[in-house]
Amino acid sequence: MSLSRRRFGAGALAAPFLLPAMARAQSGFPARPVSLIVPFPAGGTTDVTMRALAEATAKRLGQAVIIENRPGAGSTLGAAAVARARPDGYTLTQLPASAVRMQLLQKLPFDTLRDLTPIVHVTGYTFGAITRKDRFPGGWKEFVAEAKRRPGALSIGNTGANGTPHVAMAELALAEGIEVNHIAFKGDADGSQAVLGGHIDAMAGGSGIGSLVDGGQARWLHVWTAQRLRRWPDAPTLVELGHPDMVITSPYGIVGPAGMEPGVVIALHDAFAAGLRDPQHLQALEKYDMAPDYKNSEDYATFLRNMVAREKATIQRLGLSAG
Numbered sequence: 001m002s003l004s005r006r007r008f009g010a011g012a013l014a015a016p017f018l019l020p021a022m023a024r025a026q027s028g029f030p031a032r033p034v035s036l037i038v039p040f041p042a043g044g045t046t047d048v049t050m051r052a053l054a055e056a057t058a059k060r061l062g063q064a065v066i067i068e069n070r071p072g073a074g075s076t077l078g079a080a081a082v083a084r085a086r087p088d089g090y091t092l093t094q095l096p097a098s099a100v101r102m103q104l105l106q107k108l109p110f111d112t113l114r115d116l117t118p119i120v121h122v123t124g125y126t127f128g129a130i131t132r133k134d135r136f137p138g139g140w141k142e143f144v145a146e147a148k149r150r151p152g153a154l155s156i157g158n159t160g161a162n163g164t165p166h167v168a169m170a171e172l173a174l175a176e177g178i179e180v181n182h183i184a185f186k187g188d189a190d191g192s193q194a195v196l197g198g199h200i201d202a203m204a205g206g207s208g209i210g211s212l213v214d215g216g217q218a219r220w221l222h223v224w225t226a227q228r229l230r231r232w233p234d235a236p237t238l239v240e241l242g243h244p245d246m247v248i249t250s251p252y253g254i255v256g257p258a259g260m261e262p263g264v265v266i267a268l269h270d271a272f273a274a275g276l277r278d279p280q281h282l283q284a285l286e287k288y289d290m291a292p293d294y295k296n297s298e299d300y301a302t303f304l305r306n307m308v309a310r311e312k313a314t315i316q317r318l319g320l321s322a323g
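In terms of the numbering used here, the sequence shown has 12 at position 12, counting the first letter as 1, and numbering is strictly consecutive.
Structure representation (structure tokens):
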């Protein structure tokens, strides 16, 4: 990847970790609160976990980390804003996988690999698909059998076109050889109500939709983790259902603008790495069946390069479009 616009590029990310602590102190960073954009609405899974991370990080950073919610536009508004920001370390964003994907689908005011500085990888969302409790008593296999009998008749909701739930279910339908309708909703809540109302046959989303399972209104068709979840031990994984390569998450981390000074990146990395492991943040992750997945700045940069390559291949294979 070419990072000619950065003073601190991914190829150089290893070097700053060798700098003495004095380099960090000389930068005088941070001298004021840091803004952290969350490209999702307030009150949702991402907002809750990111606020916990921000509070925990502030303990190490010595300045407040202020959450700024900017939902919409396929979760790309944070990356777009940071790409335009001064590279002084005071404007950061959460970078979800959906933003990386959308940037490949349409012309947006940022390039993931050119315009952003990876700071730390944090975690990934836990996903699955539910159906109403009185539907498909035979589980996913019954769903697939009915879909084959009635091509195009069944519908699966998701949390937005080209988001991970949509793309994963499109991949799964292709693997199963079935044709289904993919219905995009604004979030888990709208899709969950559509399932309960019988307007769609299943809903794919984050583990928050499991509240309907807990309430006895729905059942899991499958979850997308490597092993069954402790919270729902009866929910089968896609691996168990014959798809060994379908362990699916939606990873995210923290990024800043291109061109950040090495000492500033170090200070932010160290603070967020400490915040990531803080009990306050870990408790918030556990609430949503998420686990920490720490990667330092250099490893996160490599991860993003590989993610972009995978996403390009997926877009081509599934024929995805921005619409």
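Virtual Cβ for every residue (Gly too), placed ideally from N, Cα, C.
Query	Result
Cut-off 8 Å between Cβ atoms - residues of its own chain near Leu105, not counting five sequence neighbours on either side	Asn162, Ile315, Leu320, Ser321, Ala322
Per-residue DSSP class, three states only, for Leu53	helix
Member of Val82, Arg149, Val65, Ile248 whose CA lies at the smallest distance from the CA of Thr126	Ile248
Environment of Ala25 [buried if 16+ CB atoms lie within 10 Å]	Bear in mind that the predicted position of Ala25 carries a pLDDT of just 42, short of 50, making it unreliable; the figure below should be weighed with that in mind. That one is exposed.
Option nearest Trp224 by Cα separation, candidates Lys107, Gly216, Glu240	Glu240
Check whether Tyr90 and Ser207 have beta carbons under 7 Å apart	no
Other residues of its chain near Arg70: CB distance less than 8 Å, five sequence neighbours each side excluded	Ile37, Val38, Pro39, Leu77, Gly78, Ala81
Cutoff 6 Å; reference Asp201; Cβ partners in own chain excluding five residues on either side	Leu154, Ser155
Neighbourhood of Pro33 by C-beta distance below 6 Å, restricted to the same chain and skipping five residues each side	Gln63, Ala64, Ile66
For Tyr252: DSSP bridge partner residues	Pro96, Thr123
Pairwise C-alpha distance: Gly242 and Met290	24 Å
Assigned secondary structure, Ala21 (DSSP; H/G/I helix, E/B strand, else coil)	Note that Ala21 has pLDDT 40, beneath the 50 cutoff, so the model's placement of it is unreliable and no number is given.
Given 8 Å, three or more beta-carbon pairs between the stretch 187-199 and the stretch 116-124	no
Short Cβ contact (7 Å threshold) for Arg101 with Glu286	no
Per-residue DSSP class, three states only, for Trp224	coil
Chain-order list of residues whose beta-carbon lies under 7 Å from that of Arg317 (same chain, five-residue window excluded)	none
When Lys133, Gly177, Ala129 are compared against Ala145, the one with the closest alpha-carbon	Gly177
Own chain partners of Pro292 with C-beta closer than 6 Å, once the 5 adjacent residues on each side are dropped	Thr123, Leu276
6 Å CB neighbourhood of Pro109 in its chain, flanking five on each side removed	Ala80
The beta strand (DSSP E) enclosing Ser35, as first and last residue numbers	34-38
Length of the line joining the Cα atoms of Gly197 and Gln94	34 Å
Beta strand (DSSP E) segments (min. 3 residues) lying fully within the stretch 147-228	155-158, 181-184, 202-206, 218-223
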